Amino acid sequence: MSVRVALHSPTGSRSFLERGLLLLVMLIFLEGTVLTLGAASSPDISAQDNTGGGHDRRDDHRGIAGSHEHTNYTYTKKAFPVLSLDYHHIQVPFEISLWVLLASLMKLGFHLIPRLSSIVPESCLLIVVGLLVGGLIKLAGEEVPPVLDSNLFFLCLLPPIILDAGYFLPIRPFMENIGTILMFAVVGTLWNAFFVGGLLYAVCQIEGTYLSQVELLPCLLFGSIISAVDPVAVLAVFEEIHINELLHILVFGESLLNDAVTVVLYHLFEEYSGAGEVTPMDVVLGVICFLIVSLGGIAVGAIYGILAAFTSRFTSHTRVIEPLFVFVYSYMAYLSAEMFHLSGIMALIACGAVMRPYVEANISHKSHTTVKYFLKMWSSVSETLIFIFLGVATVAGPHAWNWTFVSVTVILCLVSRVIGVVGLTFIINKFRIVKLTTKDQFIVAYGGLRGAIAFSLGYLLDKDLFPMRTMFLTAIITEIFFTVFVQGMTIKPLVDLLAVKKKQEAKRSINEEIHTQFLDHLLTGIEDICGHYGHHHWKDKLNRFNKKYIKKCLIAGERYKEPQLIAFYHKMEFKQAIELVESGGGVKLPSAMPSQVSMQNIQPKKLPPAVAERALPQFTKGREEEIRKILRSNLQKTRQRLRSYNRHTLVADPFEDGWNDFLLKKQRMIELEKKMTEMSNYLTVPAAPPDSPTMCRARLASDPNAFYNIKASSEGVPTIQVDLASPQSPDSVNMLNEFSKRGATDQGLGQREGATRDEDQGLMMKPSSAGKVEKGEEDGGNKNPGLMRCLSDPGPSNEDEEDEPFLP
Amino acid sequence: MGSTNSTLSKIPNVEELMQETGFTPAHIVRLYDRFEALDKEKTGHLRPQDFGAINRLAMNPIGDRIIGAFFSPGQETVDFHSFVRTLAHFRPVDKKRPKDPSMPEPVNSRTSKLKFAFQLYDQDKDGKISRAELLQVLRSMLEMQVTEEQLESIADRTIQEADLDKDDAISFEEFRKVPPARALRLTYQHGAFAAQGTQNTKTCKVHAHRK
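Chains as they are written, first to last, in our numbering: chain A, 1 to 808; chain B, 1001 to 1211.
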């Protein structure tokens, strides 16, 4: 492997060496892992199986060991064991951690190999790794553990992925296309299931295939298992091809919503496979069951979502456990739905989507970040594990290969998918305004990937009822491999070849937001003039209802009143402030005079053009000095008081994070200040006072009202107001911000605003209301670089954002 | 169809209207029925008060602007032709229209739709959305819940983002560029299953799609 790296790395020898070393380390680790896993799977003291049930094993072990020891003790007194190895004690958690570690290291490794990750989608690589691991275990002579246990899969591995998808589901495009999505999900899946199942049965009946013992119902069952598009696989592959939003939401939405159909069909056929026939009555019951499963799932999810939202209203004093509520309520929703055999996936989606606007308005910025990152982390690990386990399970077998069955399955799946998509699109396009083109149809058809859900469902089948279970499993695995490898690998070049529209990289601007709202109002008005209750009419009604009643209940404090536009604007300004600070130390010079000041350090990396063009306010020197003095004096004082660190208040965190950076910045700021004082006329707002760590502590992150605003033409003095939440300091320096404290609400925008809530611990910067400021004025970009920097988490800023812009 | 024809015959110059706006006879009839329903005093013209009688429109933040869009400058009433002509902006775009430079731009082309929306912003019709006009729009949309300064900063930022020629106002060209992919569509589509032209025609669908 290191040789290959040598061949492929165009960069210097040093990085090659690093990579080579890392890969070597991983290989060794892999070997170690495999051997450990292999060793673990074989019975040591007595017959113990490897899956789950750590308790049983441990009890077993203890019991047996006890008896051993008893027998031992009757003979001799052993020397006291100074150091002993007791693997079985920690076996289960150890293995789990080992798998997770393996998965993560693999993920790391792929991105180190330069070209591999662009050619082959990650999912393929992970399956290959799984195959390797499985192979190694087998080679080592041990029995491969049946890792893709259905319980493990459905209860542990799948929920994080679905919750991640549901929580960050872009509601607007989803709702706009809901008709299309439902058509594909319900009708498309039904069509696929019956087409594949029926034709397979017909093929099986052909003489010479030795398959005539496969009856109709098992075939239909098989068809229903294999026809469902898998959200995990779709997510994994589509994430990398950056396709436009419409197609993404269509395929992805379909993969989520077809769960209800799959559940019903699966149970229906499984139930009646024993009996051997399905009567029309059963079909009717099936339809009713479908409605109950889907609507029930959504209802369960919505209830838990509302509970979560309601709970989050009261969490202002215990911010540390806020993310926990999000996770636990969602998981409970999933489990409750599964308990009644309702659609767990739809429950999760509903829970996440319902709770999000309200929870985000209530929880602190840090909690929001935590939720986001935990969800991403868990779903990523889950996904990786799923694919690896798929590989391992493939090696584990058992397999019953039947050329006819498998090849017919693969071909039929593809054919039925294409026919289904084309046929449905023909019907759907009559009702759509934005029609689906042939290219779109192709991508939708080609993107119908199967994945681990199909495998797990197959695995669940009873061996006795379905003697051809192994054959089914083999076929399912082959189909999964085919879709993931062949379709997954080729979809990216095809997308490029067909020049399918890609995802828009442009950020949402305030213009767009205003126009969107304007148009909504316009169309609602036109609908009213025409006297019709259309799409917009109902949406408008829902919004009003939401505003009037629901938000009052579920959102803490005064924040429910804030109009969406304002909240959006705050968020944008805030984001820009952070960008500015992170990119260049926060000093902005007017474009008129770049030559007069040589600030080598200050090179803004990605200054948004709009910001760079803004004219900066001009102050008289005296004013400036005043401001600086006030800042310094106040902040110095407050700093001394906030020494205590309390684990439950999260106050000191940013302080710790930013301190080193802070010192550097402090240094720079002092230099800057000196330079700036030389330029009398063009000075922008004063450099951040050196004692900004306290400002750092301000929960600016949750208080967007404290940021500044740059206006082209105003004069006046920015004043900074620092209102300490701690009772000791009466000092206040008025902050330039003219925004009054407004609540933040959210309509699916995923914001981080928080009102100036006094219950927040730590230093808070409250904006002054307009009256206090001489004339609403804004600060230059120079605000408090340290302040901004110390905020929030230093997440990767080029992270792919979900639909709504979210603070990095 | 008999009733349709009889209704059609009541409308003067209906052929010309259909030609100009591209509505089908069924649509015209439906609109006519709605027009008559709104026109409570049967004068054949609509006045602002008639529009104002629509309750939901009164709740709409930009309701008065929409009403204003129906009235040509200087006119105080709207007759059926103007009514239909204004609503024609919302027809789906004809994809197959041959590009004939000699013919005027049809009413429902993308440009016309955008222009219609633009005119709603630009009340004084000077071809630009000035800062003051933008402020007015914001004020009406935000329903008095925010302070002046907030509004002003939003307006400033909006203009900064969109204003490419630095004249501190948004011209139509700049306006067109705003929505990403420039595919702003205002479309009002009649459902495939047309009902009789009753007052509450439930067969119409109004969509706005931004891609």
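For glycine and all other residues, C-beta sits at the position ideal for the given N, C-alpha and C.
Computed from a predicted structure; not experimentally measured.
Contacting positions in the stretch 1065 to 1086 of chain B - beta carbon closer than 7 Å to chain A: So the close ones are 1066.
Strand pairing of residue 1169(B), partner residues [DSSP]: For the purposes of this step, residue 1169(B) is taken as the residue at position 169 of the second sequence. DSSP lists 1130(B) as the bridge partner or partners of residue 1169(B).
Residue 251(A) - DSSP class collapsed to helix/strand/coil: Residue numbering aside, residue 251(A) sits at position 251 when the first sequence is read from its first letter. In the structure shown, residue 251(A) adopts helical secondary structure according to DSSP, grouped into three states.
Contact list for residue 1117(B) against chain A, beta-carbon separation under 9 Å: Within the second sequence, the letter at position 117 stands for residue 1117(B). For residue 1117(B), the chain A residues whose Cβ falls inside 9 Å of its Cβ are 515, 518, 519, 522, in order along the chain.
Residues that residue 1162(B) contacts on chain C, provided the C-beta gap is smaller than 7 Å: Absent here is chain C; the protein component of the structure consists of chains A and B.
Classification of residue 545(A) by the beta-carbon crowding that lies within 10 angstroms, buried from 16 upward: To locate residue 545(A), count along the first sequence from 1; it is residue 545. Exposed, since its Cβ has fewer than 16 Cβ neighbours within 10 Å.
Interface partners of residue 440(A) on chain B, CB under 8 Å: Translated into positions along the first sequence, residue 440(A) becomes position 440. None at all; the shortest Cβ gap to chain B is about 12 Å.
Proximal chain A residues relative to residue 1021(B), where beta-carbon distance stays under 7 Å: Looking up residue 1021(B) in the second sequence gives position 21. Here the premise fails: no neighbours, minimum Cβ distance about 14 Å.
Chain A contact for residue 1154(B) (CB, 7 Å cutoff): For the purposes of this step, residue 1154(B) is identified with residue 154 of the second sequence, where counting begins at 1. Residue contact with chain A for residue 1154(B): present (Cβ-Cβ distance below 7 Å to some residue of chain A).
CB contact check: residue 1157(B) to chain A, cutoff 7 Å: Sequence index remark: in the second sequence, residue 1157(B) carries index 157 (1-based). In terms of beta-carbon proximity, residue 1157(B) lines the interface with chain A, with at least one pair separated by less than 7 Å.
Given residue 445(A) as reference, the closest of 417(A), 452(A), 430(A) once Cα atoms are compared: Numbered from 1 along the first sequence, position 445 holds the residue referred to as residue 445(A). Comparing Cα-Cα distances from residue 445(A) to each of 417(A), 452(A), 430(A), the minimum goes to 417(A).
Alpha-carbon spacing of residue 501(A) relative to residue 323(A), whole angstroms: Indexing the first sequence from 1 puts residue 501(A) at position 501. Indexing the first sequence from 1 puts residue 323(A) at position 323. Looking at the backbone, the Cα of residue 501(A) and that of residue 323(A) are separated by about 36 Å.
Nearest neighbour of residue 498(A), chosen from 228(A), 239(A), 243(A) [CA to CA]: On the first sequence, residue 498(A) is found 498 positions in, with the first residue counted as 1. Residue 243(A) is the option with its Cα nearest to residue 498(A).
Reduced DSSP secondary structure (H/G/I, E/B, other) of residue 501(A): One-based indexing of the first sequence puts residue 501(A) at position 501. In the structure shown, residue 501(A) sits in coil (DSSP, three-state: anything other than H, G, I, E or B).
Interface residues of chain A facing residue 1137(B) [CB-CB closer than 8 Å]: In the second sequence, the residue the question calls residue 1137(B) occupies position 137. What residue 1137(B) touches in chain A: 514, 518.
Exposure of residue 173(A), with buried meaning 16 or more beta-carbon neighbours within 10 Å: Stepping through the first sequence from its first residue, residue 173(A) is reached at position 173. That one is buried.
Closer than 7 Å to chain A by CB, residue 1046(B): Against the second sequence, residue 1046(B) aligns to sequence position 46. The beta carbon of residue 1046(B) sits no closer than 7 Å to any beta carbon of chain A.
Inter-residue spacing [alpha-carbon to alpha-carbon] between residue 442(A) and residue 233(A): Locating residue 442(A) in the first sequence gives position 442, counting from the first residue. Locating residue 233(A) in the first sequence gives position 233, counting from the first residue. Residue 442(A) and residue 233(A): Cα-Cα distance of roughly 18 Å.
Ranges of the alpha helix (DSSP H) found wholly within the stretch 175 to 232 of chain A, counting only runs of at least 4: DSSP runs (the alpha helix (DSSP H)) wholly in the stretch 175 to 232 of chain A: 178 to 182, 189 to 205, 216 to 226.
Beta-carbon gap between residue 293(A) and residue 251(A) smaller than 7 Å: Numbered from 1 along the first sequence, position 293 holds the residue referred to as residue 293(A). Numbered from 1 along the first sequence, position 251 holds the residue referred to as residue 251(A). With respect to the 7 Å criterion, residue 293(A) and residue 251(A) are not classified as neighbours on the basis of their beta carbons.
For residue 386(A), the first and last residue of its enclosing alpha helix (DSSP H): Within the first sequence, residue 386(A) is the residue found at index 386, counting from 1. Following the DSSP letters along the chain, one finds residue 386(A) inside the alpha helix (DSSP H) bounded by residues 365 to 396.
Residue-chain proximity (residue 1012(B), chain A), Cβ-Cβ < 7 Å: Counting from 1 along the second sequence, the entry for residue 1012(B) is found at position 12. Residue 1012(B) is outside the set of residues whose beta carbon lies under 7 Å from a beta carbon in chain A.
Stretch pair the stretch 188 to 201 of chain A + the stretch 368 to 377 of chain A: three plus CB contacts closer than 8 Å: Contact between the stretch 188 to 201 of chain A and the stretch 368 to 377 of chain A is absent, because fewer than three Cβ pairs lie under 8 Å.
Cβ-based contacts, 7 Å cut-off: residues of the stretch 535 to 558 of chain A near chain B: Under the 7 Å Cβ criterion, the stretch 535 to 558 of chain A contributes 535, 536.
For residue 1152(B), the nearest candidate out of 1133(B), 1063(B), 1165(B), 1019(B) (CA to CA): Here the question's residue 1152(B) lines up with position 152 in the second sequence. When only C-alpha atoms are compared, the closest one is 1133(B).
Any C-beta of chain B under 7 Å from that of residue 525(A): Locating residue 525(A) in the first sequence gives position 525, counting from the first residue. It does; some Cβ of chain B falls within 7 Å.
Any chain B beta carbon closer than 7 Å to residue 329(A): Along the first sequence, one-based indexing puts residue 329(A) at 329. Output row for residue 329(A): interface = no.
Per-residue burial, residue 317(A) [other beta carbons within 10 Å of its own, 16 or more giving buried]: In the first sequence, residue 317(A) corresponds to position 317, counting from 1. By the 10 Å Cβ count, residue 317(A) comes out exposed.
Counted within 10 angstroms of its Cβ, other Cβ atoms place residue 115(A) as buried (16 or more) or exposed: By one-based count along the first sequence, residue 115(A) stands at place 115. Classification of residue 115(A): exposed, given that the 10 Å Cβ count is below 16.
Other residues of its chain near residue 440(A): CB distance less than 7 Å, five sequence neighbours each side excluded: Here residue 440(A) refers to the residue found at position 440 of the first sequence. Cβ neighbours of residue 440(A) within its own chain (closer than 7 Å, five residues either side excluded): 247.
Beta carbon proximity, residue 1052(B) to chain A, threshold 7 Å: As a first step, residue 1052(B) must be located in the second sequence, where it is residue number 52. Answer no: the Cβ-Cβ gap between residue 1052(B) and chain A never drops below 7 Å.
Contact test: residue 128(A) Cβ vs the ligand MN heavy atom, cutoff 6 Å: This structure lacks the ligand MN, and indeed carries no ligand of any kind.
Residues that DSSP places opposite residue 1046(B) in a beta bridge: Walking along the second sequence from the start, residue 1046(B) turns up at place 46. For residue 1046(B), which the question treats as bridged, DSSP gives the partners 1078(B).
Stretch pair the stretch 129 to 148 of chain A + the stretch 413 to 429 of chain A: three plus CB contacts closer than 8 Å: Contact annotation: the stretch 129 to 148 of chain A does not touch the stretch 413 to 429 of chain A, with fewer than three C-beta pairs closer than 8 Å.
Cross-strand partners of residue 243(A) (DSSP beta bridge): As a working note, residue 243(A) is residue 243 in the first sequence. BP columns for residue 243(A) point to 502(A).
Any C-beta of chain A under 7 Å from that of residue 1091(B): In the second sequence, residue 1091(B) corresponds to position 91, counting from 1. Cβ-Cβ to chain A under 7 Å: no for residue 1091(B).
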